[in-house]
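To start, the structure itself, in structure tokens.
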Amino acid sequence: MVAYLTIKQAENRMNAMDNRPFRVTFRKRTDGNIRTMKVKNGVSDATKGGTLGYDPETHNLRHVVDLDAMLMGSGWRMIPLDRVISVAGV
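My numbering puts the first residue of the sequence shown at 55, with every later residue one more than the last.
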């Protein structure tokens, strides 16, 4: 069985990374797979229109940029804070 961080623990650990790259491991809400991504905080431009159509905080989501996906185009991702397993510096 996988142990999840609390939402507050996940937020605190991600906030502590400031604008430095870090790895986050979480269980995806869509299919239940465990995923690890190299990401970065400090995302300001979310969409071509500049704003999202919803508030990520109300859904316990963190908006980050996936550094590996940025090399191939759009790397904007949402991390479900209630399903974070670990956060670690790169």
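We put the CB at the ideal spot given by N, CA and C, even for glycine.
Given residue i, which residues of its chain have a CB within under 6 angstroms of its CB, disregarding the five upstream and five downstream residues?
i      : result
ALA33  : Since the displayed the chain opens at 55 and closes at 144, residue 33 lies outside it and no answer follows.
HIS113 : none
Rounded C-beta distance between residue i and residue j? I'm assuming under 8 angstroms.
i      : j      : result
LEU59  : VAL138 : 5 angstroms
PRO110 : MET132 : 6 angstroms
LEU115 : LEU135 : 7 angstroms
Rank the options by C-alpha distance to the C-alpha of residue i and give the top, closest one.
i      : options                          : result
GLY129 : SER140, ASP136, HIS113 and ASN95 : ASN95
MET55  : LEU115, ILE88 and ASN69          : ILE88
HIS117 : MET68, SER140 and GLY127         : MET68
Within the same chain, show all residues whose beta-carbon is closer than 8 angstroms to that of residue i, passing over the 5 residues directly before and after it, in chain order.
i     : result
VAL93 : PRO75, PHE76, ARG77, VAL78, VAL118, VAL119, ASP120, LEU121, ARG131 and ILE133
Legend entry - Sufficient close CB pairs (3 or more, under 8 angstroms) joining the segment 122-129 to the segment 80-88: Short answer: they don't touch.
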